[in-house]
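Data block below; observations after.
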Amino acid sequence: CVFTRRRWARITPYFESTVPHYHCDVFRSHFRMTSSTFEMLSRLLCASDHILKVNRFGKPCIHSRKQIAVAVWALANQESRRQISDRFNISMSSVIRYLRRVTKALVDVRGDFIQWPRGRKLFLLNTGLSVSSLKQNRKC
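Structure follows, in structure tokens:
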């Protein structure tokens, strides 16, 4: 018995051709971030070991920016795996795989962006005061 892959009809050049031409408002409405934020996120996460750059099985690897775009799209929109795989011309299992990889990479860099309050800021938050209200009271 010989197994052959089915060729699905998909939107082939969507990420490569359509997304780069999005107006900034359209890009933001789809990805829930600006294109410059997406570029910064891509540079940051491409350095992660979670985002694969080469495929171990000899198939051409999907570019890391596309992997990140798939994950961001999945997080930002209420589309099914089937719809996302059709839109980005990848398999449904790849959608989940990229989402997991990017999520792990985001967890790795969370300490660079999420900072818990300490010291004076923690005290002010616990007492319900803000730094700006203290500065305004000092001017009076």
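All residue numbers for the sequence shown refer to the working numbering, where the first residue is 34 and numbers rise by one. Each residue gets a CB set at the ideal place from its N, CA and C atoms; glycine is no exception.
Cβ shell of residue i (< 7 angstroms), same chain only, five flanking positions each side left out
i: C173; result: Any answer about C173 is weak, because its pLDDT of 48 lies below 50 and its placement is not dependable; what the coordinates show is given next. Cβ neighbours of C173 beyond the five flanking positions: none.
i: R65; result: A109
i: A107; result: I117, V128, L132
i: M125; result: R114, R115, S118
i: K86; result: C94, S97
i: Q100; result: I84, Y131, R134, V135
Host alpha helix (DSSP H) of residue i (start-end)
i: Q111; result: Run containing Q111: none; DSSP gives neither H nor E here.
i: N159; result: 152 to 160
i: T45; result: Premise fails: T45 is in no alpha helix (DSSP H) and is neither H nor E.
i: S126; result: 125 to 146
Other residues of its chain near residue i: CB distance less than 6 angstroms, five sequence neighbours each side excluded
i: P150; result: L158
i: F121; result: F48, V103
Closer than 8 angstroms: residue i CB and nearest the ligand FMN heavy atom
i: K86; result: Ligands in the displayed structure: none, and consequently the ligand FMN is not present.
Own chain, CB closer than 8 angstroms to residue i, minus 5 neighbours either side, in chain order
i: T67; result: C57, F60, R61
Review point. Is there contact here, the stretch 129 to 149 with the stretch 76 to 86, by at least three beta-carbon pairs under 8 angstroms?
Key: Contact holds: three or more Cβ-Cβ distances are below 8 angstroms.
Review point. Can you give, in chain order, each stretch of the alpha helix (DSSP H) that sits fully within the stretch 47 to 105 and has at least 4 residues?
Key: 57 to 64, 68 to 79, all fully within the stretch 47 to 105.
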